[in-house]
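Student: Please read through the structure below; I'll follow up with questions.
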Amino acid sequence: MDSYIFYGLAIVLLILSFVKDKKKTKMALKKAWKAFENILPEFLVVILLVGFLLAILNPETISKIIGAESGWFGVILAGIIGSVTLIPGFVAFPTAAILLENGAGYMQIAAFVSTLMMVGIITIPVEIKYFGKKISILRNVLAFFFSFLVAAIIGMVVM
Amino acid sequence: MKKLLKRYRVFLIVLVAMIILTIVNQQLGIKALLITGNSVKEMLLVIPPIFLLLGLLDVWVPRETMIKYMGEGSGLKGVLLAIFIGSAAAGPLYGAFPVAAVFMKKGVKFMNILIFIGAWSTTKIPMFLFEMAALGNKFAISRLLIDIPGIIILAFILSKMVSKKEVEAIYENAKSIE
Chain A
1 MDSYIFYGLA IVLLILSFVK DKKKTKMALK KAWKAFENIL PEFLVVILLV
51 GFLLAILNPE TISKIIGAES GWFGVILAGI IGSVTLIPGF VAFPTAAILL
101 ENGAGYMQIA AFVSTLMMVG IITIPVEIKY FGKKISILRN VLAFFFSFLV
151 AAIIGMVVM
Chain B
1001 MKKLLKRYRV FLIVLVAMII LTIVNQQLGI KALLITGNSV KEMLLVIPPI
1051 FLLLGLLDVW VPRETMIKYM GEGSGLKGVL LAIFIGSAAA GPLYGAFPVA
1101 AVFMKKGVKF MNILIFIGAW STTKIPMFLF EMAALGNKFA ISRLLIDIPG
1151 IIILAFILSK MVSKKEVEAI YENAKSIE
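Sequence lines, in order, name chains A and B. For the first sequence, our numbering assigns the number 1 to the initial residue and increments by one for each residue that follows. For the second sequence, our numbering assigns the number 1001 to the initial residue and increments by one for each residue that follows.
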């Protein structure tokens, strides 16, 4: 839904820009295309790898590994699974809800959701292109451990 | 042509691997290809407007304005703006990196860029509504309350872990990407 808002916003601003200054608008379009084309090879690799990973990991398999009794071992596993997968946002939460129904625990789901959103092993080539190796790796490692803190707190709050 | 082939080399290798996989294990291969198709659809929905907005931002918003609001010395204002822009965004995390590159070109403070990346990754407003519906209010609100300070603290730690020189190199690199 929100992607349509962005389309609308982009189109309205583009028209405004065009009315104000054709030359600048052309430059903006050129820049937009160049920025996109620049990252396209990495995008395509990411998308293929995601397809492959999600084909192997389905909700039933995941919830078996990260059941409510799996404890911290399950939390760590959930964190790893979340780190290596990349699920579009509007699929992620319904998926997490299905995992809960299939017996996954809240703490494990918290670790899964948190790493899913904050840690991106598959997208690290894209990240490195912009931020360099050091920052990219550090960011992902920090976010990975932070997710366990999130899991611990969620585990205490939501029962 | 040769240059193009070199840039898309990894993609071609993975593509061939997928085709081989599909021949060996049809069921798994087809499933993977279907999911890939879905991701392409998602990418087409989200990515083009982001890049259009980026192009417009680059051309229309002067560097001085961005520095004033989000640069060195922008203080709390810069932090809040970074969180807000990141949270209002749409799309997967990899969409945030090109935005970060334009921010660098416009002189946005490094810590604010890291906060922006953090917010984009995990406190997106539309996603928050989704999360409340799917996993319950308690879950979603607790996570949000941990994440907001978490993002700022992580950004602070990260920005302290790199030297000024390294940050400069990253900013230089952002210029060359565009």
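Glycine included, every Cβ here is placed at the ideal spot set by N, Cα and C.
Any beta-carbon of chain B closer than 7 Å to the one on A/Ile122?
Tutor: Not an interface residue.
Student: Contact defined as beta carbons within less than 8 Å: I believe A/Gln108 pairs with A/Ala152. What is the distance between those atoms, to the nearest angstrom?
Tutor: Going by Cβ atoms, the distance from A/Gln108 to A/Ala152 rounds to 12 Å, so no, they are not a contact pair.
Student: Could you name the residues that DSSP lists as bridge partners for A/Ala104?
Tutor: Partner(s): A/Gly67.
Student: What in chain A is Cβ-close to B/Phe1011, meaning under 8 Å?
Tutor: Correct list: Pro41, Leu44, Val45 and Leu48.
Student: Flag A/Met117 as yes if its beta-carbon sits less than 7 Å from any beta-carbon of chain B, otherwise no.
Tutor: Closer than 7 Å: yes.
Student: DSSP on A/Lys129, reduced to helix/strand/coil?
Tutor: Three-state result, A/Lys129: helix.
Student: By the 10 Å Cβ neighbour count, where 16 or more other Cβ atoms means buried, how is B/Lys1109 classified, buried or exposed?
Tutor: Its Cβ being crowded by 16 or more others within 10 Å, B/Lys1109 is buried.
Student: Do you know whose CA, among B/Trp1060, B/Leu1052, B/Leu1044 and B/Gln1026, lies nearest A/Lys20's CA?
Tutor: Nearest C-alpha to A/Lys20: B/Trp1060.
Student: Looking at chain B, is there any beta carbon in it that lies within less than 7 Å of the beta carbon of A/Phe18?
Tutor: Judged by the 7 Å Cβ criterion, A/Phe18 is not in contact with chain B.
Student: Does DSSP put B/Asn1025 in a helix, a strand or coil?
Tutor: Here B/Asn1025 sits in coil by DSSP.
Student: Output yes if chain B places a C-beta closer than 7 Å to the C-beta of A/Leu99; else output no.
Tutor: Not closer than 7 Å to any Cβ of chain B, the Cβ of A/Leu99 fails to qualify, so no.
Student: Given a threshold of 16 other Cβ atoms within 10 Å of its Cβ, counted over all protein chains shown, does A/Ile5 qualify as buried or as exposed?
Tutor: With fewer than 16 other Cβ atoms within 10 Å, it is exposed.
Student: Please say whether A/Leu86 and A/Ile137 have beta carbons closer to each other than 7 Å?
Tutor: Their beta carbons are not under 7 Å apart, which means A/Ile137 does not touch A/Leu86 by this criterion.
Student: Given a cut-off of 7 Å, decide if A/Leu99 and A/Pro59 are closer than it, judged by their beta-carbon atoms.
Tutor: Going by C-beta atoms, A/Pro59 is nearer than 7 Å to A/Leu99.
Student: At what residues does the alpha helix (DSSP H) containing B/Asn1112 begin and finish?
Tutor: Phe1110 to Thr1122 is the extent of the alpha helix (DSSP H) around B/Asn1112.
Student: Kindly indicate the opening and closing residues of the alpha helix (DSSP H) around B/Lys1006.
Tutor: From DSSP, the alpha helix (DSSP H) with B/Lys1006 extends over Lys1002 to Arg1007.
Student: Assign A/Phe73 to one of two classes, buried (16 or more other C-beta atoms within 10 Å of its C-beta) or exposed (fewer than that).
Tutor: Exposed, by the Cβ-count rule.
Student: Under 7 Å Cβ to Cβ from B/Lys1124, same chain only, skipping five residues before and after it: list those, please.
Tutor: Ser1087 and Ala1089, listed in sequence order.
Student: In chain order, what residues of the same chain have a beta carbon less than 7 Å from the beta carbon of B/Ile1085, not counting five sequence neighbours either side?
Tutor: Closer than 7 Å at Cβ, skipping near neighbours: Phe1116.
Student: Span of the alpha helix (DSSP H) holding B/Ala1089?
Tutor: Neither: B/Ala1089 is in no alpha helix (DSSP H) and is coded neither H nor E.
Student: Going along chain B in order, which residues have a C-beta closer than 8 Å to the C-beta of A/Ala104?
Tutor: Within 8 Å Cβ-Cβ: nothing; A/Ala104 doesn't reach chain B, min ~11 Å.
Student: What residues from chain A crowd round B/Arg1143, counting only those whose CB sits closer than 8 Å?
Tutor: Within 8 Å Cβ-Cβ: Ala110, Val113, Ser114, Val150 and Ile154.
Student: List the residues of chain A that B/Met1018 touches, going by C-beta distances under 7 Å, in chain order.
Tutor: By Cβ distance, chain A contributes Leu48 and Phe52.
Student: Can you tell me whether B/Gly1073 is buried or exposed? The criterion is at least 16 other CB atoms within 10 Å of its CB, across all chains shown.
Tutor: With fewer than 16 Cβ atoms within 10 Å of its Cβ, B/Gly1073 is classed as exposed.
Student: In chain order, what residues of the same chain have a beta carbon less than 8 Å from the beta carbon of A/Tyr106, not counting five sequence neighbours either side?
Tutor: Within the same chain, A/Tyr106 has close Cβ partners Ala68, Leu100, Ile154, Gly155, Val158 and Met159.
Student: Grab me the residues of B/Phe1139's own chain with a C-beta within less than 6 Å of its C-beta, minus the 5 sequence neighbours each way, in chain order.
Tutor: So the list is empty, once near-sequence residues are dropped.
Student: Please confirm whether A/Trp78 has its beta-carbon closer than 7 Å to some beta-carbon of chain B.
Tutor: Sequence inspection shows Ala at residue 78 of chain A; the Trp mentioned does not correspond to that position. No, no contact with chain B.
Student: Could you check if A/Ile47 is buried or exposed, using at least 16 other CB atoms within 10 Å of its CB as the buried criterion?
Tutor: That one is buried.
Student: Just checking my contact of A/Ala10 with B/Pro1049 at CB under 8 Å: how many whole Å lie between their CB atoms?
Tutor: With a Cβ gap of about 4 Å, A/Ala10 and B/Pro1049 count as contacting.
Student: Could you spell out the range, first to last residue, of the alpha helix (DSSP H) harbouring B/Glu1072?
Tutor: First-last for B/Glu1072: undefined, no H or E at that position.
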